[in-house]
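Reading through the structure tokens given below for one structure.
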Amino acid sequence: TFVTKKYKPVAKKIRPVYTDVPEKFRIIRDIKGDPLATLPILSPHPPPFAPYGRYTTERREVIDKCHPPGFLLPEE
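Residue numbers are given in our numbering: position 61 of the sequence shown equals residue 61, and the series is strictly consecutive.
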């Protein structure tokens, strides 16, 4: 049978404790320089499709069917 019981009453709800985070748990963001400068430069003219690994011809056809004609420019 299906029981329609509440998951738990509001009195047992777990509420957060507002306090300061200790220094050892704080995230220090110390980015020096331009992180995008080390990325490789991509060619605007990619090579023709070649099935490799999990991206097979069948999967490509499924993805192509999901998008209407003209979704991508001819260069894309």
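We put the CB at the ideal spot given by N, CA and C, even for glycine.
ask   = Between the beta-carbon of F49 and the beta-carbon of R60, is there less than 8 Å?
value = yes
query = Among residues of its own chain, excluding the 5 on either side of R29, which ones have a beta-carbon nearer than 7 Å to its beta-carbon?
reply = none
ask   = Taking the alpha helix (DSSP H) that I63 falls in, what are its first and last residues?
value = T57 to C66
request  = From the DSSP output, read off the bridge partner residues of Y52.
outcome  = Y55
task = Work out the CA separation of L39 and I27 for me, nearest whole Å.
result = 24 Å
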